[in-house]
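Just so you know, the protein sequences line up as chains A and B, in that order.
Under numbering that gives the first Met the number 0, think of the first position of the first sequence as 0, with each following residue one higher.
Under numbering that gives the first Met the number 0, think of the first position of the second sequence as 0, with each following residue one higher.
In what follows, a structure is listed as structure tokens, so that the remarks can point back to it.
Number of protein chains: 2
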Amino acid sequence: MLENIDNKEPLFPISTAAKLLNISVHTLRMYEREGLIIPFKKESNQRLYSKADLERIECIRKAINESKISINGIKTIYSLIPCWSVMNCSHKDRKNCKAYNEHTGPCWNYEHPKTICEKRNCRDCDVYQKYTQCNEIKELIKSISR
Amino acid sequence: MLENIDNKEPLFPISTAAKLLNISVHTLRMYEREGLIIPFKKESNQRLYSKADLERIECIRKAINESKISINGIKTIYSLIPCWSVMNCSHKDRKNCKAYNEHTGPCWNYEHPKTICEKRNCRDCDVYQKYTQCNEIKELIKSISR
DNA sequence: AAAAGTTGATATTTATAAATATCAACAATT
DNA sequence: AATTGTTGATATTTATAAATATCAACTTTT
């Protein structure tokens with residue numbers, strides 16, 4: 000039933016997502032406020048979560064509850080993702096980009112004026128979608144290093 | 000007085016270090032147990048801290064108390080330091096190296112049999128000495144990326 | 001040789017991050 | 001039109017990480 004649905008389709012309202020994950024609605028909103036997740040939003044501003052979102056959240060929960068990494072720790076780890084390399088953005092973009100130049104949170108928590116990311120939706124970006132776990136981030140760093 | 004002493008010379012016993020940092024002796028030993036710091040040890044097993052050690056510890060304290068990154072978070076961040084690039088170790092070394100292949104703690108917390116690091120003292124290594132802060136680590140990742 | 005400091009190990013305290021609850025205003029569903 | 005669910009904001013609870021304390025055995029200092 001849940002097997003053959005599109006991973007990326009935003010289907011579940013917040014209460015369903017909370018039930019499936021066995022956490023409270025408030026916790027989901029907190030993760031969002033901290034910038035760990037970016038749920039889809041309807042025109043009415045209501046959230047919808049995809050299967051991929053749920054998997055992402057499970058992964059974040061493991062980091063917090065099993066690996067004992069604080070939310071600020073996770074944000075800092077995300078800030079180390081070499082997004083510039085994933086997007087292959089220009090030297091000029093990098094100069095303008097807070098994500099490139101700071102290290103307090105993930106790139107998707109910054110505004111991106113005057114960069115290749117300006118009009119893109121971070122929810123649909125590889126940087127957000129593909130590097131949720133620490134091993135994925137480390138493999139990325141390996142792959143871009145000489 | 001403290002200005003013109005060698006940064007790297009291990010001079011201060013643990014009680015002096017604790018006083019200078021305004022923390023308890025126990026906390027210093029805890030940071031060591033967690034693998035965040037590697038103090039110098041005398042033949043009698045007693046610890047000595049250098050000025051550089053004190054600066055490193057201050058930096059770790061800021062991460063914990065101001066940036067609210069948990070100790071496990073810091074360990075995970077350190078595990079992302081591309082040590083293989085700093086040491087320029089061989090393909091074979093990398094295959095044998097837990098530091099390269101895992102991501103729970105800094106490279107200096109692993110054994111290094113059959114690698115270039117085998118007989119080196121991690122306390123004296125660039126990886127340990129030069130990449131204490133998050134911005135330093137991010138700059139390193141930038142510098143090795145294409 | 002006595003005093004002061006260190007060792008590791010275990011137990012306890014405290015500070016606070018993470019999670020939950022409550023609320024009135026608004027949206028969606030039947 | 002009534003019920004159910006959502007929104008953000010603020011306040012509260014709880015779980016636990018970080019820090020401290022205690023201990024006997026061992027070193028160093030004077």
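Built from N, CA and C at the ideal position, the CB exists for glycine as well.
Taking 7 Å as the threshold (beta carbon to beta carbon), is residue 34 of chain A in contact with chain B? no
Please report the residue range of the beta strand (DSSP E) in which residue 47 of chain A lies. 46-48
Apart from the five residues just before and just after residue 116 of chain A, which ones in its own chain have a Cβ nearer than 7 Å to its Cβ? 86
With which residues is residue 40 of chain A paired in a DSSP beta bridge? A/46
Residue 189 of chain A (DSSP reduced to helix, strand or coil): Examination of residue 189 of chain A is not possible in this model, given that chain A is present from 0 through 145 alone.
Ordered list of beta strand (DSSP E) runs contained in the region 93-128 of chain B, each at least 3 residues: none
If you follow the alpha helix (DSSP H) that residue 137 of chain A is part of, which residue opens it and which one closes it? 133-143
Quick one: what's got a C-beta closer than 6 Å to residue 93 of chain B's C-beta in the same chain, skipping five residues either side? Around residue 93 of chain B: 83, 99.
Against chain A, with Cβ distances strictly below 7 Å, would residue 143 of chain B count as a contact? yes
Through-space distance from residue 73 of chain A to residue 20 of chain B, alpha-carbon basis: 27 Å
Buried or exposed for residue 123 of chain A, going by 16 or more other Cβ atoms inside 10 Å? exposed
Return yes when the Cβ of residue 76 of chain B is within less than 7 Å of the Cβ of residue 144 of chain A, no when it is not. no
Just confirm the distance between the C-beta atoms of residue 69 of chain B and residue 103 of chain B, as a whole number of angstroms; I'd bet it's less than 8 Å. Residue 69 of chain B to residue 103 of chain B, Cβ: 13 Å. No contact.
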